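Protein chains in written order, with our numbering: chain A, 12 to 327; chain B, 12 to 327.
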């Protein structure tokens with residue numbers, strides 16, 4: 012049952028990650044006609060039957076609106092996903108990504124998958140990889156075009172990506188495992204033991220003490236400060252309940268310290284992602300006298316629209 | 012049944028840590044008459060009945076040789092141990108530690124416990140704590156007296172301690188959680204997944220690549236290199252089986268990088284502890300052009316003998 016007031020759907024856009032699955036029905040200019048999400052990330056689909064999940068997710072859209080093109084980004088294109096979409100080398104841009112979509116035959120329509128991006132070794136750079144973030148970045152460049160000539164995009168999360176933009180291209184990037192490091196230390200190390208289960212409000216003072224401690228460690232880095240999460244508690248400087256926020260501040264603070272050590276001058280900066288997590292990064296950045304860093308709102312569906320357009324998927 | 016050829020026992024010395032328990036029967040000059048060990052660290056004694064474990068450990072020695080003084084060091088003196096021995100502040104030395112033994116009434120003889128050492132906050136130093144290592148250090152200073160005026164002792168392990176010695180005193184120290192960090196990342200993070208269970212021989216090339224990568228990261232530190240454990244594998248530069256040794260090299264390498272960043276000039280260096288682990292540190296040090304670092308053999312029982320002597324326990 013179509014709604015005559017709504018613009019005509021042109022694309023099914025899917026962000027299919029490790030732990031979540033989101034889909035949008037998009038009309039011209041990426042207008043969102045409908046949206047849905049499910050806890051059906053690739054890790055939650057134990058039997059690997061991605062075809063059934065996809066059919067159930069979009070079947071009614073196709074039944075209602077006809078055969079639409081479908082495009083997905085994220086870990087669905089990894090070895091552990093539906094099919095492996097090869098990496099495109101960095102520097103990467105809209106054209107190089109759009110040229111390399113992987114087509115998977117599926118019901119009710121074929122699914123195209125955006126390749127990941129690999130930064131090869133060399134010129135003093137470590138190899139690095141992303142899957143899904145490249146689409147966020149291309150979306151962000153449409154939302155915040157002032158960054159397209161020169162910018163630094165930060166995508167906090169389990170594996171936080173810092174992506175350097177130059178001349179509309181994704182030029183280089185570094186992955187910081189800050190989120191995963193926090194999770195494993197919180198859950199499995201001696202540093203996580205004293206605090207009980209997570210309490211709701213953030214202990215801002217403890218978080219900022221962690222950030223400042225990481226900042227002031229200078230080149231000695233987090234290796235020399237990590238144990239202070241415990242020793243400050245034993246010395247009576249930190250309550251047991253405050254240790255997780257201190258640890259979070261210490262790890263995010265060390266990430267910022269590391270990024271600043273690697274840059275002579277920081278390009279214009281934007282944060283993309285979860286509001287609460289971006290809030291932590293913004294608070295930590297302020298301790299380094301970097302204020303007023305703006306957020307770019309979630310940009311995955313904008314990025315998928317742009318890539319689909321560049322790949323010619325919308326012309327059918 | 013005494014052996015007339017053996018010197019007369021004078022002290023029961025006990026190193027009672029988190030995961031292991033070792034005891035020695037010592038004669039003059041710390042000569043080892045008998046030794047035993049058990050997997051009865053404080054974490055393995057679920058019911059907290061340390062008294063029974065102690066009685067079973069040394070009962071026959073007392074029955075054979077009479078009422079000997081007993082002295083223990085390590086986590087047995089922590090809040091989770093038998094009784095809490097307060098920390099002595101840093102700088103600490105033989106006299107300040109010997110003065111603050113905690114006496115616990117026990118069968119067949121009372122047990123004295125060496126206090127831990129706390130480095131208070133201040134003068135740009137983070138607070139830090141140790142329990143057990145102070146005794147190793149005092150033993151090492153007797154074994155390697157050339158370090159007593161100025162030296163740096165490294166005690167690799169779950170929580171590696173770097174201890175600065177000046178004028179026969181334990182002057183300052185820093186804890187590096189390298190061992191625990193490796194264990195939680197190996198077991199619980201995405202970095203540990205690709206490799207199967209531990210294989211026996213160390214992959215030296217992968218270990219050294221990790222060390223070099225950490226060294227060459229400079230001030231950016233381990234935050235910027237940790238994910239390379241995975242990305243190098245995805246880029247085909249590292250086999251899945253080699254990733255644990257690469258990660259080990261990366262973490263030990265970052266520890267050394269951090270220590271060197273904090274020192275203008277490194278004092279004379281010695282390693283104490285597990286042979287295989289000291290071997291990894293020695294190999295990593297060589298990648299920083301620090302060669303021929305000698306080991307000090309296990310020094311706990313020497314340290315216990317010295318402390319017992321300074322405390323007057325041997326005069327009875």
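All residues carry an ideal CB built from backbone N, CA and C; glycine is no exception. Since we're looking at a predicted model, the values are computed, not measured.
Q) When you compare each of B:195, B:175, B:194 to residue 186 of chain B by their alpha carbons, which one comes out closest? A) Among B:195, B:175, B:194, the Cα nearest to that of residue 186 of chain B is on B:175.
Q.
Using DSSP's beta-bridge definition, name the partner residues of residue 259 of chain B.
A. Under DSSP, residue 259 of chain B forms no beta bridge with any residue.
Q | Cutoff 8 Å; reference residue 131 of chain B; Cβ partners in own chain excluding five residues on either side | A | 100, 101, 138.
Q: Can you give me, in chain order, the residues of the region 190-206 of chain A that have a beta carbon less than 9 Å from any beta carbon in chain B?
A: Within the region 190-206 of chain A, the residues whose Cβ lies closer than 9 Å to some Cβ of chain B are 191, 192, 194, 195, 196, 198, 199, 200, 201, 202, listed in chain order.
Q.
Between the alpha carbons of residue 90 of chain A and residue 274 of chain A, how many angstroms are there, rounded?
A. Annotation: residue 90 of chain A to residue 274 of chain A spans about 33 Å, alpha carbon to alpha carbon.
Q.
Let me see if you follow: with CB-CB separation under 8 Å, is residue 248 of chain B close to chain A or not?
A. Cβ-Cβ to chain A under 8 Å: yes for residue 248 of chain B.
Q: Return yes when the Cβ of residue 73 of chain A is within less than 8 Å of the Cβ of residue 79 of chain A, no when it is not.
A: Yes, Cβ-Cβ distance for residue 79 of chain A and residue 73 of chain A is below 8 Å.
Q.
Check for me: the beta strand (DSSP E) holding residue 48 of chain B runs from which residue to which?
A. Looking at the DSSP string, the run of the beta strand (DSSP E) that includes residue 48 of chain B is 42-49.
**Q.** Cβ of residue 187 of chain B within 8 Å of any chain A Cβ
**A.** Chain A contact via Cβ: present.
Q. For residue 137 of chain A and chain B, any beta-carbon pair shorter than 8 Å?
A. Closer than 8 Å to some Cβ of chain B, the Cβ of residue 137 of chain A qualifies, so yes.
Q: May I ask you to report which of helix, strand or coil DSSP gives residue 158 of chain B?
A: Here residue 158 of chain B sits in helix by DSSP.
(Q) For chain B, check one thing: does any of its Cβ atoms lie closer than 8 Å to the Cβ of residue 232 of chain A? (A) For residue 232 of chain A, the closest Cβ of chain B is nearer than 8 Å.
Q) Does any C-beta atom of chain A lie closer than 8 Å to the C-beta of residue 265 of chain B? A) It does; some Cβ of chain A falls within 8 Å.
Q) For residue 187 of chain A, does the three-state DSSP call read helix, strand or coil? A) In the structure shown, residue 187 of chain A sits in a strand (DSSP, three-state: E or B).
Q: Flag this pair as touching only if the region 253-271 of chain A and the region 232-248 of chain B have three or more C-beta atom pairs under 8 Å; answer yes or no.
A: Touching, yes.
Q | Contacting residues, own chain, Cβ-Cβ under 7 Å from residue 141 of chain B (five flanking each side not counted) | A | Once the five neighbours on either side are set aside, the close Cβ partners of residue 141 of chain B are 127, 128, 172, 184.
Q) In the region 189-275 of chain B, which residue ranges form an unbroken alpha helix (DSSP H) of at least 4 residues, counting only runs that do not cross its ends? A) Correct list: 189-199, 215-227, 239-245, 254-273.
**Q.** Cβ contact check for the region 24-34 of chain B and the region 300-315 of chain B: 3 or more pairs under 8 Å
**A.** Contact annotation: the region 24-34 of chain B touches the region 300-315 of chain B, with at least three C-beta pairs closer than 8 Å.
Q. Given a threshold of 16 other Cβ atoms within 10 Å of its Cβ, counted over all protein chains shown, does residue 286 of chain B qualify as buried or as exposed?
A. Its Cβ having fewer than 16 others within 10 Å, residue 286 of chain B is exposed.
Q: Determine the closest residue to residue 252 of chain A out of A:227, A:239, A:209, with distance taken between C-alpha atoms.
A: Closest by alpha carbon: A:209.
Q.
Please list, in chain order, the residues of the region 153-174 of chain A that have any C-beta partner in chain B closer than 8 Å.
A. Correct list: 170.
Q. Roughly how many angstroms separate the alpha carbons of residue 84 of chain A and residue 108 of chain A, rounded to a whole number?
A. So the two alpha carbons sit approximately 11 Å from each other.
Q | Of the residues B:296, B:288, B:188, B:112, the one placed nearest residue 321 of chain B, counting alpha carbons only | A | Selected option, being the one with the closest Cα: B:112.
Q: Have a look at the DSSP bridge pairing and note the partners of residue 84 of chain A.
A: DSSP lists A:26 as partners of residue 84 of chain A.
Q: Identify the contact partners of residue 273 of chain B in chain A, using a Cβ-Cβ distance below 7 Å as the criterion.
A: Here the neighbours are 231, 235.
Q) Can you round the beta-carbon distance between residue 103 of chain A and residue 180 of chain A to whole angstroms, since I take them to be within the 8 Å contact cut? A) The beta carbons of residue 103 of chain A and residue 180 of chain A sit about 7 Å from each other, so the pair counts as a contact at 8 Å.
Q: Determine the direct distance from the alpha carbon of residue 116 of chain B to that of residue 255 of chain B, and round the result to whole angstroms.
A: Pairing residue 255 of chain B with residue 116 of chain B, the inter-Cα distance amounts to about 46 Å.
Q: Could you check which residue in B:226, B:244, B:125 has the C-alpha nearest to that of residue 300 of chain B?
A: Across the set B:226, B:244, B:125, the C-alpha of B:226 shows the shortest separation from the C-alpha of residue 300 of chain B.
Q: Would you give the residue range spanned by the beta strand (DSSP E) that residue 173 of chain A belongs to?
A: Taken as a continuous stretch (DSSP letters only), the beta strand (DSSP E) holding residue 173 of chain A covers 171-177.
Q.
I need the straight-line Cα distance from residue 153 of chain B to residue 306 of chain B, nearest angstrom please.
A. Whole-angstrom Cα-Cα distance: 14 Å.
**Q.** Distance between residue 133 of chain A and residue 178 of chain A (C-alpha atoms, nearest Å)
**A.** Distance between the alpha carbons of residue 178 of chain A and residue 133 of chain A: 21 Å.
Q) residue 33 of chain B to residue 311 of chain B, Cα distance in whole Å? A) About 10 Å.
(Q) Check whether chain B comes within 8 Å of residue 64 of chain A, counting only Cβ atoms and requiring the distance to be less than that. (A) By this cut-off, residue 64 of chain A is not an interface position.
Q) Relative to the C-alpha of residue 93 of chain B, which residue among B:70, B:204, B:52 is closest? A) Answer by Cα proximity: B:52.
Q: State the beta-bridge partners of residue 283 of chain A as determined by DSSP.
A: Within the DSSP bridge table, the entry for residue 283 of chain A names A:307 as partners.
Q | When A:197, A:219, A:190 are compared against residue 207 of chain A, the one with the closest alpha-carbon | A | For residue 207 of chain A, the nearest C-alpha among the options comes from A:197.
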